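Asker: Per our numbering, residue 114 is the first one in the sequence shown, and the count goes up by one each step. The beta-carbon is built from N, C-alpha and C at its ideal position, and this holds for glycine as well. Treat the numbers as computed from the prediction; the structure is a model and nothing was measured. Let me give you the structure first, and then I'll get to my questions.
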Amino acid sequence: MTTIYRALLFVGIVLTARLCKAHGGAGVGDGFSVELIHRDSVKSPYHDPALSVHDRVLAAVRRSTARAEALARSYIGDGIVSQVVSKPFESMMVVHVGTPPTRMLAIVDTGSDLLWLKCKPHAATAPPGVVFDPFSSSTFLRVPCYYDACHALPVSQCDSSYNCYYDQFYLDGSNTKGYLSTETFTFHSIPGRDYPEVRVPKVNFGCSGSSNGVGLIIADGVVGLGRRNESLISQLGIRTTLGRRFSYCVVPFNNNASSALNFGDRAAVTEPGAATAVLLPSSAGPYYTLALQSVKIGGSTFQHPSNVIIDSGSALTFLDKGLIDRMVEDIGRQIGLPTVQSPEKLLRLCYGVSGALRTYLFRKRVPDVTMYFGEAAVTLKVDNLFVGVQKGITCFAMTPVTERYPFSILGNIAQQNMHVGYDLDKGTITFAPADCASSYTPTVHG
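In structure tokens:
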């Protein structure tokens, strides 16, 4: 009997350990994946059915410039970055907050940290969409103003009950304010995954009772995936066994598919040709920054050291003018076809690609461009370099930085059909070529 008892006790201990690991956030397991919804998807409140694919590309190009300016305005100097700049965005995700859970659709931003959602009573200058009622949830708590999480916010103060009240102003005139709180967040994994949902308790978030400004009022909130402790990814590292890891795979603009945002082991980038680069220190605030050493165009390599922000919220890539001039010259020479003017003169190097033969010749002549981030070689193919901006016209999707937007940025066109993994625990970003539409897409939208 003693032997049987010990055996049963051992089995019980093993099962308990496994359950505890899985419930460091219920159902966590080896990670989870949620649908990453493009802002132009029919699932997005920003969807405009009147826009063609090319109209949407041009709109994304305009937003890229606005976002680059916002990133520049957020930088104060001497390594100090303000987090009160409203930035255009490209993707959204669904979160379920509270007990019982309320479904909310929030902006995903790798360039900010604060996770905040609209809460009752909520005041806004337009219909606010879904609003979370904290008083209907059994797991809602407010964060005291003497906690470090409160002190980390740009603008916060104590109310009469010593709760943490924040007021976040944006340079475009928008603002959101409310109480820093904790709640249980539930993430519904995309179909075909082992864990249908993951529940994470005690997540800090901004429960905003007021938000004003065009950029803030349509979505139900913002999920910050930046590098600081307030971000969702940092909190998942604290509250679960997942670690501070996430990845995405960018589907090309002309594909009508959603993509996936992966966390934990699901975020591992293991495809052939994966290249891992070391992140620069986080003195640049929430931004993920790599050191670019050199660029290879076809068979020619030249040195051009500069720091580049890896940004999922910008369509275009912005690089130093000297580098862009060299790339335009070399790529244009190797293509050797007549150029055309860009719509609205937004981009520099454009080609007419009407007809199968012209398209074939163009695609065949575009050279690969390899960017070297230390030892990591990231190769950009034709669809990473050019984008269709009008029927029969494709343009180079990179542009020079200016005084108005001086930061170099690797945008999401350059990241198309790449599995990109961020690992804050190791301080790295990994890139690998991938067929994002077939490998990482849960559903299709129109």
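1. Is the beta carbon of L392 sitting closer than 8 Å to the one on T541?
2. Quick one: residues in its chain with C-beta nearer than 6 Å to the C-beta of D443, no 5 flanking neighbours on either side, listed in chain order?
3. So, at 6 Å on beta carbons, what are the nonlocal neighbours of P214 in its own chain, with the 5 sequence-adjacent residues on each side left out?
4. Between the segment 254-264 and the segment 216-225, are three or more C-beta pairs nearer than 8 Å?
5. In whole angstroms, give me the CA-to-CA distance for Y279 and R461.
6. Which of the three DSSP states is assigned to A380 in this structure?
7. How do the segment 503-516 and the segment 430-450 stand: do at least 3 beta-carbon pairs fall below 8 Å, yes or no?
8. Quick check on the DSSP output: the beta strand (DSSP E) that includes E566 runs from which residue to which?
9. With 16 as the cutoff for other CB atoms within 10 Å, does P480 come out buried or exposed?
10. With a threshold of 7 Å on Cβ separation, who are the neighbours of D333 within its own chain once the five nearest residues in sequence on each side are excluded?
11. Is the beta carbon of A381 less than 8 Å from the beta carbon of A545?
12. Tell me the residue span of the alpha helix (DSSP H) that contains F475.
13. By a C-beta neighbour count over all protein chains shown, 10 Å radius and 16 as the cutoff for buried, is L450 buried or exposed?
14. In chain order, what residues of the same chain lie with their CB nearer than 6 Å to the CB of D246, ignoring the 5 residues before and after it?
15. Given this structure, state the Cα-to-Cα distance separating V466 from T507, to the nearest angstrom.
16. Could you say which of L227, C320, Q528 lies nearest to F62 if we only look at CA atoms?
17. Inspect the beta-carbon positions of E148 and V207 and report whether they are closer than 8 Å.
18. Going by alpha carbons, who is nearest to K494 out of R471, E488, R478?
19. Label T289 either buried or exposed according to how many other C-beta atoms from any shown protein chain fall within 10 Å of its C-beta, with 16 as the threshold for buried.
20. Could you tell me the alpha carbon to alpha carbon distance between V421 and S250, rounded to whole angstroms?
21. Could you tell me how far apart the beta carbons of R358 and Y473 are, in whole angstroms, since I believe they sit closer than 8 Å?
22. Between S371 and I526, which are expected to be in contact by the criterion C-beta below 8 Å, what is the C-beta distance as a whole number of angstroms?
23. With burial defined as no fewer than 16 other Cβ atoms inside 10 Å of the residue's Cβ, what is the status of A469: buried or exposed?
24. CA-CA distance, V587 and T223?
25. Evaluate L254 with the Cβ neighbour count: other Cβ atoms within 10 Å of its Cβ, from every protein chain shown; 16 or more gives buried, anything less gives exposed.
26. From this set, R476, S419, C277, which residue's C-alpha is nearest G445's C-alpha?
27. Which full runs of the beta strand (DSSP E) of 3+ residues lie inside the segment 380-430, going along the chain?
28. Closer than 6 Å by C-beta to Y485: which residues in its own chain qualify, once you throw out the five before and the five after it? Chain order, please.
29. Should I303 and A373 be called a contact, given that it needs their Cβ atoms to be closer than 8 Å?
30. Can you tell me whether S360 is buried or exposed? The criterion is at least 16 other CB atoms within 10 Å of its CB, across all chains shown.
31. Under a three-way DSSP split, which group does Q454 fall into?
32. By the DSSP assignment, the beta strand (DSSP E) with G144 in it spans what residues?
33. Shortest alpha-carbon distance to Y292 belongs to which of T212, N342, S427, G322?
34. May I have the straight-line CA-CA distance separating F318 from C463, to the nearest angstrom?
35. In three-state terms, what does DSSP make of P546?
36. Could I get the ranges of all uninterrupted beta strand (DSSP E) runs contained in the segment 327-360, with 3 residues as the minimum, in chain order?
Answerer: Put simply:
1. Going by C-beta atoms, L392 is nearer than 8 Å to T541.
2. Closer than 6 Å at Cβ, skipping near neighbours: I410.
3. When the five nearest sequence neighbours on each side are left out, the beta carbons in the same chain lying within less than 6 Å of the beta carbon of P214 are those of T299, in order along the chain.
4. For the pair of segments examined, the segment 254-264 was found not to touch the segment 216-225: the number of CB pairs separated by less than 8 Å stays below three.
5. About 43 Å.
6. In the structure shown, A380 sits in a helix (DSSP, three-state: H, G or I).
7. Counting Cβ pairs under 8 Å, three or more are found: they touch.
8. In the structure as shown, the chain starts at 114 and stops at 559, and residue 566 therefore has no counterpart that could be examined.
9. Buried.
10. Once the five neighbours on either side are set aside, the close Cβ partners of D333 are M217, L218, A219, L230, K231, G242, V243.
11. No; because the gap between Cβ atoms is not below 8 Å, this pair is not in contact.
12. Run containing F475: 469-478, per the alpha helix (DSSP H) assignment.
13. Classification of L450: exposed, given that the 10 Å Cβ count is below 16.
14. For D246, where only same-chain residues beyond five positions count, the Cβ hits under 6 Å are K233.
15. Distance between the alpha carbons of V466 and T507 is about 7 Å.
16. There is no way to answer for residue 62, as the model of the chain reaches only from 114 to 559.
17. Contact: yes.
18. Per the Cα distances, R478.
19. Buried is the call here.
20. Cα-Cα distance, rounded: 42 Å.
21. Between Y473 and R358 the Cβ distance is about 40 Å, and since that is not below 8 Å, they are no contact.
22. For a cut-off of 8 Å, the C-beta gap from S371 to I526 is around 17 Å, too long to register as a contact.
23. Classification for A469: exposed.
24. In the structure displayed, the chain extends from 114 to 559; residue 587 sits before or after that span and is not available.
25. That one is exposed.
26. Comparing C-alpha distances from G445 to each of R476, S419, C277 shows the shortest one belongs to R476.
27. Runs of the beta strand (DSSP E) inside the segment 380-430: 388-391, 402-410, 413-423.
28. Contacts found: Q406, S407.
29. With contacts defined by Cβ atoms closer than 8 Å, I303 and A373 form a contacting pair.
30. It counts as buried.
31. Residue state, collapsed to three classes: coil.
32. Following the DSSP letters along the chain, one finds G144 inside the beta strand (DSSP E) bounded by residues 144-151.
33. Nearest option by C-alpha distance: G322.
34. Taking the straight line from one Cα to the other gives about 44 Å.
35. In the three-state DSSP reduction, P546 falls in the strand class (E or B).
36. For the segment 327-360, the continuous beta strand (DSSP E) assignments of 3+ residues that do not extend past its boundaries occur at 334-337, in sequence order.
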